[in-house]
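Student: Before I ask anything, here is the structure I am working with.
In the working numbering, the protein residues as written are 129 to 606.
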């Protein structure tokens with residue numbers, strides 16, 4: 129076993145390399161060193177080291193996570209723990225929103241879009257063209273955890289290829305990038321062990337085999353004369369005494385043998401984010417809205433309007449014929465809730481100070497931006513439309529249009545303008561006018577059961593184009 133960067137160790141005392149699908153690879157070794165080189169090794173944490181077999185074949189490239197040096201009377205030794213370069217993707221938690229309803233999984237898993245350095249992503253062919261319409265959220269997840277979750281969503285696996293000196297390749301597929309079948313002869317198998325595992329009602333089988341040669345994680349193999357294909361799901365390389373053992377966990381490769389992840393790509397927890405409304409003209413007329421996310425810690429990956437998703441907006445009542453329709457305006461800030469694989473906008477957050485007429489928050493109020501208002505005040509209900517108003521309280525109803533007024537209470541009905549007034553009361557009708565009262569009709573009849581009194585402060589004219597009859601028990605003309 130050779131480890132670049134540790135060429136001058138006396139000997140490697142212990143060594144173990146473990147690789148498994150859906151996770152990082154890890155390596156641990158201890159070695160005896162010269163006391164003169166101890167200081168050099170003590171500062172190597174965070175640097176990369178390449179592990180090779182004796183024949184020079186690279187089997188692992190990783191980052192030194194921990195290094196310790198122990199000095200005794202007789203020997204100086206170091207203890208080193210490494211993790212594959214993929215650990216660089218598993219450090220910083222990110223918050224990203226992917227809205228585009230036409231996005232493919234290859235868009236979600238673009239190394240450029242995720243800003244991954246020293247990393248190459250290789251996707252199964254089925255993932256390169258498959259469209260994922262729902263909004264995807266990377267919520268307080270590292271890039272590695274996000275990629276793991278997408279692989280589970282697609283009911284496939286993640287494979288870390290960490291044998292390269294300057295990069296790591298992550299494959300998302302049922303098997304690793306090298307899909308050529310390798311045959312293992314029976315005589316090459318030193319030992320084998322069968323295992324049955326269960327999780328709840330689900331059971332599956334696996335097999336461990338020991339060989340004297342290295343095979344990369346995720347390779348497809350056959351055993352002896354059997355045509356059954358297996359995939360290597362874990363690799364362990366261990367130095368025992370002066371020999372090296374290679375142990376492999378294999379599972380039969382079946383189309384339905386891959387453990388299912390989430391039924392759909394969804395969040396593990398409920399979150400809500402702030403967003404600004406950019407469009408309310410839903411082409412499907414369902415009352416949905418488009419938004420851009422505005423929290424400083426969230427990367428909105430689809431800011432182009434054509435790539436934004438349409439979010440359902442919560443309403444008090446939907447009904448069969450529209451129910452209540454109160455959508456926020458463009459520019460309003462709303463909350464977007466992500467839960468159980470769904471997302472929707474459900475409330476608007478006030479950003480501006482209330483108008484003076486609405487500032488008494490103990491009174492309930494609904495209004496829009498064009499001065500249409502409904503006030504539920506302590507003792508009355510008021511409907512305003514610009515300068516027009518309907519006022520209702522316990523005793524009366526008033527309708528006001530400019531200076532004109534209609535007032536109805538228990539005792540009377542009042543129709544009033546700036547100059548004239550008509551009052552209908554229980555005990556009579558009152559007409560008051562500053563100018564003229566004009567009555568015109570085919571027939572006008574005035575009748576008083578007791579008295580009829582007509583009086584003019586000036587001249588009075590009674591005229592008929594036909595006959596004029598004055599009739600009474602006594603007629604006085606003076």
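Where a beta carbon is used, it is the ideal one built from N, C-alpha and C, also for glycine.
1) Once DSSP output is grouped into helix, strand and coil, what is the label at residue 277?
2) Return the CA-CA distance between residue 528 and residue 516, expressed in angstroms with no decimal places.
3) Could you spell out where the beta strand (DSSP E) holding residue 374 opens and where it closes?
4) May I ask which residues mark the beginning and end of the beta strand (DSSP E) holding residue 141?
5) Kindly indicate which residue of 336, 285 and 134 has the alpha-carbon position closest to the one of residue 304.
6) Buried or exposed: which applies to residue 326, given that a residue is buried once 16 or more other Cβ atoms fall within 10 Å of its Cβ?
7) Hey, residue 429 and residue 241 are a contact pair by Cβ (cut 8 Å); roughly how many whole angstroms apart?
8) For residue 541, which residues in the same chain have their Cβ closer than 6 Å to its Cβ, ignoring the five residues on either side in sequence?
9) Assign residue 231 to one of two classes, buried (16 or more other C-beta atoms within 10 Å of its C-beta) or exposed (fewer than that).
10) Who does residue 556 pair with in a DSSP beta bridge?
11) Between which two residues does the beta strand (DSSP E) containing residue 155 stretch?
12) Nearest to residue 176 by alpha carbon, out of 188, 561, 603 and 192?
13) If you run the structure through DSSP and keep just helix, strand and coil, what is residue 548?
14) Distance, Cα to Cα, residue 432 vs residue 263?
15) Hey, would you say residue 213 sits closer than 8 Å to residue 189, going by beta carbons?
16) Taking the beta strand (DSSP E) that residue 257 falls in, what are its first and last residues?
17) Look at residue 406 and residue 419 and say whether their C-beta atoms are less than 8 Å apart.
18) Taking the straight line between their C-alpha atoms, what separation do you get for residue 458 and residue 248?
19) Any contact of the stretch 311–324 with the stretch 287–302, i.e. 3+ C-beta pairs under 8 Å?
20) Which first and last residues belong to the alpha helix (DSSP H) in which residue 236 is found?
21) Pick from 306, 271 and 252: whose alpha carbon is nearest that of residue 282?
22) Roughly how many whole angstroms lie between the Cα atoms of residue 444 and residue 228?
23) Look up residue 491 in the DSSP assignment and say whether it is helix, strand or coil.
24) Could you say which of 555, 549 and 546 lies nearest to residue 538 if we only look at CA atoms?
25) Would you kindly report the start and end of the unbroken beta strand (DSSP E) that includes residue 170?
26) Which residues share a DSSP beta bridge with residue 461?
27) Rounded to whole angstroms, what is the Cα-Cα separation between residue 163 and residue 172?
28) Within its chain, find whatever has a CB closer than 6 Å to the CB of residue 618; leave out the 5 residues flanking it on each side and keep chain order.
29) Check each candidate in 500, 501 and 519 and name the one with the smallest Cα separation from residue 509.
30) Indicate the three-state DSSP secondary structure (helix, strand or coil) for residue 196 in the structure shown.
31) How would you write the range of the beta strand (DSSP E) that residue 331 sits in, first residue to last?
32) If you count every other CB in all the chains shown that lies within 10 Å of the CB of residue 388, and 16 or more means buried, which is it?
33) Exposed or buried, which one is residue 413 when buried takes at least 16 other CB atoms within 10 Å?
34) Taking C-beta to C-beta, are residue 153 and residue 223 nearer than 8 Å?
35) With a CB to CB cut of under 8 Å and the five nearest residues on each side skipped, what residues in its chain are close to residue 186?
36) What did DSSP end up calling residue 320 once you bin it into helix, strand or coil?
Tutor: Straight from the coordinates:
1) Looking up residue 277 in the chain shown gives position 149. Helix.
2) Within the chain shown, numbered from 1, the residue matching residue 528 stands at position 400. Within the chain shown, numbered from 1, the residue matching residue 516 stands at position 388. Going from the Cα of residue 528 to the Cα of residue 516 covers about 6 Å.
3) The residue labelled residue 374 in the question sits at position 246 within the chain shown. Residues 371–380.
4) On the chain shown, residue 141 is found 13 positions in, with the first residue counted as 1. In the DSSP assignment, residue 141 falls within the beta strand (DSSP E) that extends over 139–148.
5) Counting from 1 along the chain shown, the entry for residue 304 is found at position 176. Per the C-alpha coordinates, the member of 336, 285 and 134 positioned closest to residue 304 is 285.
6) Here residue 326 corresponds to residue number 198 of the chain shown, with the count starting at 1. Within a 10 Å sphere around the beta-carbon of residue 326 sit fewer than 16 other beta-carbons, which makes this residue exposed.
7) For the purposes of this step, residue 429 is taken as the residue at position 301 of the chain shown. For the purposes of this step, residue 241 is taken as the residue at position 113 of the chain shown. Their Cβ separation, rounded to whole angstroms, is 7 Å, which keeps residue 429 and residue 241 in contact under 8 Å.
8) In the chain shown, residue 541 corresponds to position 413, counting from 1. These residues qualify, in order along the chain: 552.
9) Taking the chain shown and counting its residues from 1, the one referred to as residue 231 is at position 103. Counting the other Cβ atoms within 10 Å of the Cβ of residue 231 gives 16 or more, which makes it buried.
10) If you number the chain shown from 1, residue 556 lands on position 428. BP columns for residue 556 point to 553.
11) Stepping through the chain shown from its first residue, residue 155 is reached at position 27. Looking at the DSSP string, the run of the beta strand (DSSP E) that includes residue 155 is 154–161.
12) Working through the chain shown from its first residue, we reach residue 176 at position 48. Looking at the Cα atoms, 192 is the closest of the given residues.
13) By one-based count along the chain shown, residue 548 stands at place 420. Assigned with DSSP and collapsed to three states, residue 548 falls in strand.
14) Translated into positions along the chain shown, residue 432 becomes position 304. Translated into positions along the chain shown, residue 263 becomes position 135. Cα atoms of residue 432 and residue 263: separation of roughly 15 Å, rounded to the nearest angstrom.
15) Position 85 of the chain shown holds residue 213. Position 61 of the chain shown holds residue 189. Yes; because the gap between Cβ atoms is below 8 Å, this pair is in contact.
16) Position 129 of the chain shown holds residue 257. Per DSSP, residue 257 is not a residue of any beta strand (DSSP E); the alpha helix (DSSP H) it occupies stretches across 253–257.
17) Along the chain shown, one-based indexing puts residue 406 at 278. Along the chain shown, one-based indexing puts residue 419 at 291. Yes, the pair counts as a contact, with Cβ atoms nearer than the cut-off.
18) For the purposes of this step, residue 458 is taken as the residue at position 330 of the chain shown. For the purposes of this step, residue 248 is taken as the residue at position 120 of the chain shown. For residue 458 and residue 248, the distance between alpha carbons rounds to 40 Å.
19) Taking 8 Å as the limit for Cβ pairs, the verdict is that the stretch 287–302 does not touch the stretch 311–324.
20) Here residue 236 is taken as the residue at index 108 of the chain shown, counted from 1. Bounds of the alpha helix (DSSP H) holding residue 236 are 233–236.
21) The sequence position of residue 282 within the chain shown is 154, counting from 1. Between residue 282 and the set 306, 271 and 252, the nearest pair of CA atoms involves 252.
22) Numbered from 1 along the chain shown, position 316 holds the residue referred to as residue 444. Numbered from 1 along the chain shown, position 100 holds the residue referred to as residue 228. For residue 444 and residue 228, the distance between alpha carbons rounds to 28 Å.
23) Translated into positions along the chain shown, residue 491 becomes position 363. Coil at residue 491, not helix or strand.
24) Stepping through the chain shown from its first residue, residue 538 is reached at position 410. Measuring C-alpha to C-alpha distances from residue 538 to each of 555, 549 and 546 identifies 555 as the nearest.
25) Translated into the one-based positions of the chain shown, residue 170 becomes position 42. Annotation for residue 170: no beta strand (DSSP E) segment contains it, though the alpha helix (DSSP H) segment containing it runs 166–170.
26) Position 333 of the chain shown holds residue 461. Residue pairing of residue 461 in beta bridges, as defined by DSSP: 404 and 477.
27) To locate residue 163, count along the chain shown from 1; it is residue 35. To locate residue 172, count along the chain shown from 1; it is residue 44. When rounded, the distance between both Cα atoms is 16 Å.
28) Outside the shown range of the chain, which is 129 to 606, sits residue 618, and nothing can be said about it.
29) Within the chain shown, residue 509 is the residue found at index 381, counting from 1. Among 500, 501 and 519, the Cα nearest to that of residue 509 belongs to 519.
30) In the chain shown, residue 196 corresponds to position 68, counting from 1. Reduced to three states, the DSSP call for residue 196 is strand.
31) Position 203 of the chain shown, counting from 1, holds the residue named residue 331. Segment 330–339, the beta strand (DSSP E) holding residue 331.
32) Here the question's residue 388 lines up with position 260 in the chain shown. Unreliable placement is indicated for residue 388, whose pLDDT of 42 sits below 50; the coordinate value is still reported in the next sentence. Result: exposed.
33) Looking up residue 413 in the chain shown gives position 285. It counts as exposed.
34) For the purposes of this step, residue 153 is identified with residue 25 of the chain shown, where counting begins at 1. For the purposes of this step, residue 223 is identified with residue 95 of the chain shown, where counting begins at 1. Not a contact, by the Cβ cut-off of 8 Å.
35) By one-based count along the chain shown, residue 186 stands at place 58. Here residue 186 has 178, 179, 180, 291, 292 and 293 as same chain residues with Cβ atoms under 8 Å from its own Cβ, once five neighbours each way along the sequence are excluded.
36) Residue 320 sits at position 192 when you count from the first residue of the chain shown. Residue 320: strand per DSSP, three-state reduction.
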